[in-house]
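Everything below concerns the one structure shown next.
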Amino acid sequence: MVLEGKSLEWLDEVADALIRFAGDVRVIAFYGEMGAGKTTFIKRLCSRLGVQGPVTSPTFSIVNEYPGPPGNKIYHFDFYRLKHEREAVEIGLEEYLESSQWCLLEWPEKVLNLLPNPRIDVRIMVVDGYRRFEFSHV
Numbered sequence: 004m005v006l007e008g009k010s011l012e013w014l015d016e017v018a019d020a021l022i023r024f025a026g027d028v029r030v031i032a033f034y035g036e037m038g039a040g041k042t043t044f045i046k047r048l049c050s051r052l053g054v055q056g057p058v059t060s061p062t063f064s065i066v067n068e069y070p071g072p073p074g075n076k077i078y079h080f081d082f083y084r085l086k087h088e089r090e091a092v093e094i095g096l097e098e099y100l101e102s103s104q105w106c107l108l109e110w111p112e113k114v115l116n117l118l119p120n121p122r123i124d125v126r127i128m129v130v131d132g133y134r135r136f137e138f139s140h141v
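Using our numbering, the first residue of the sequence shown is number 4, and each one after it goes up by one.
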């Protein structure tokens, strides 16, 4: 699935489309260059998933946990600073991924060997001032 648009308000539509596209899959890997809008989009996605409080980048903490709808959690990872996959193992990534909770992964290329199937890959590109989102089931 491919979606393109410009406005921040449009990101809510993209988030809703991604939630529908994901179905029962709860692991979503976000690919894109620095500044492509991964964190900005994840903030909108978390809002659409019911997160009430602030959503911030976990660049230094590696993972942030947000309360979702009752009984649900949303885990937001940023692997940008990782030097080795074992660092992700040490924080318990595999347990998070097996939790059946939403796991939103920025810079997943740093932990490719740990990514589960099924998952959703989201590629975010900036083309002529527009953001292009490509969703695929893996």
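Where is the CB? At the ideal position from N, CA and C, for every residue including glycine.
**Request:** Can you check the segment 52-77 for any beta strand (DSSP E) of at least 3 residues that lies completely inside it and give the ranges in chain order?
**Result:** Counting whole runs of 3 or more residues, the segment 52-77 contains the beta strand (DSSP E) stretches 66-70.
**Prompt:** Who pairs with V125 in a beta bridge, going by DSSP?
**Reply:** F33 and F138
**Message:** If you measure between the beta carbons of F136 and R122, is that distance less than 9 angstroms?
**Reply:** no
**According to DSSP, residues forming a beta bridge with L6** = F136
**Item:** According to DSSP, residues forming a beta bridge with C49
**Value:** Note: C49 sits in no beta bridge, so no partner.
**Prompt:** Is it true that the CB of L48 sits closer than 9 angstroms to the CB of F150?
**Reply:** Because residue 150 is not part of the residues shown, which for the chain are 4 to 141, the question remains open.
**Request:** Could you tell me whether the segment 92-103 touches the segment 11-25, where touching means 3 or more Cβ pairs closer than 8 angstroms?
**Result:** no
**Request:** Return the first residue and the last residue of the alpha helix (DSSP H) that W105 is part of.
**Result:** W105 -> not in any alpha helix (DSSP H); beta strand (DSSP E) instead, spanning W105 to E109.
**Request:** Could you check the C-alpha separation between I31 and S10 for me, to the nearest Å?
**Result:** 23 angstroms
**Message:** Tell me the residue span of the alpha helix (DSSP H) that contains V114.
**Reply:** Looking at the DSSP string, V114 is not in any alpha helix (DSSP H), and its letter there is neither H nor E.
**Buried or exposed by the 16-neighbour rule on C-beta atoms within 10 Å, applied to T42** = Flag for T42 reads buried.
**Item:** Contact check, F80 vs L108, beta carbons under 9 angstroms
**Value:** yes
**Item:** Straight-line Cα distance separating D15 from G40
**Value:** 13 angstroms
**Prompt:** Which value, in whole angstroms, describes the spacing of the CA atoms of S50 and F33?
**Reply:** 17 angstroms
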